[in-house]
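Residues are numbered in the numbering used here as their position in the sequence shown, beginning at 1, plus a constant of 2. Where a beta carbon is used, it is the ideal one built from N, C-alpha and C, also for glycine. Please read all numbers here as calculations on a predicted model, not as lab measurements. For reference, the structure discussed in these notes is given below.
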Amino acid sequence: MPVQMLKEFLDREQVKYVTINHSPAYTAQEVAAAAHVSGREMAKTVMVRIDGEMAMVVLPASMKVHFGRLLDATGADQVELAHEADFRDLFPGCELGAMPPFGNLFGLRTFVAEELTEDEEIAFNAGSATEVIKLAYKDYARLVRPGVLPLRVTV
3 MPVQMLKEFL
13 DREQVKYVTI
23 NHSPAYTAQE
33 VAAAAHVSGR
43 EMAKTVMVRI
53 DGEMAMVVLP
63 ASMKVHFGRL
73 LDATGADQVE
83 LAHEADFRDL
93 FPGCELGAMP
103 PFGNLFGLRT
113 FVAEELTEDE
123 EIAFNAGSAT
133 EVIKLAYKDY
143 ARLVRPGVLP
153 LRVTV
């Protein structure tokens, strides 16, 4: 989903948001710094396979996925990190690694770390390495309806 399509979706849903353009950045922490967004508010998208099904896990930039906790939280039998080759074609028009955390728009189950639900706002890559969108977390939750994961994983 190119950046413009995401903005059109947000506009149709009457969501107020801010776009932040920044110099190219590729890790979630680099993006947060370049966009002057707190690492706690900056969400990163991690692609996983849960019982063989592709899914999206959305975490604060400062967190890492703890697969044991993810396994427990989802009740799955198997959870593993997805390989780029497994999902590169699922996000047409998006730069690899810059997918927005809207799994529902791509037919994917989406889970969000509980830590992000505690913030008023969420910021995320908008499909490119140079643009971030920031909006109210309550709007994100309304649009995506992600499962909330009590991961409490530290860096």
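Where residue i sits in the DSSP three-state scheme
i     : result
Ala27 : coil
Met7  : helix
Residue i, buried or exposed, once every other Cβ within 10 Å from all chains shown has been counted against 16
i      : result
Leu98  : exposed
Leu118 : buried
Gly129 : buried
Gly105 : buried
Given residue i as reference, the closest of the options once Cα atoms are compared
i      : options                          : result
Glu116 : Pro26, Ala87, Thr29 and Ala143   : Ala143
Asn127 : Pro152, Ala37, Gln16 and Val17   : Ala37
Lys111 : Val150, Val20 and Ala100         : Inspection of the sequence shows that residue 111 is occupied by Arg rather than by Lys. Comparing Cα positions, the closest option is Val150.
Ala125 : Val33, Arg147 and Gly109         : Val33
Tyr19  : Pro148, Cys96, Asp141 and Pro152 : Asp141
Bridge partner(s) assigned by DSSP for residue i
i      : result
Glu123 : Ala138
Gly149 : Phe113
Arg51  : Met56 and Glu82
Taking contact to mean at least 3 C-beta pairs separated by less than 8 Å, is the region 61-77 in contact with the region 90-100?
-> no
Three or more C-beta pairs closer than 8 Å, one from the region 44-62 and one from the region 8-16: is that the case here?
-> no
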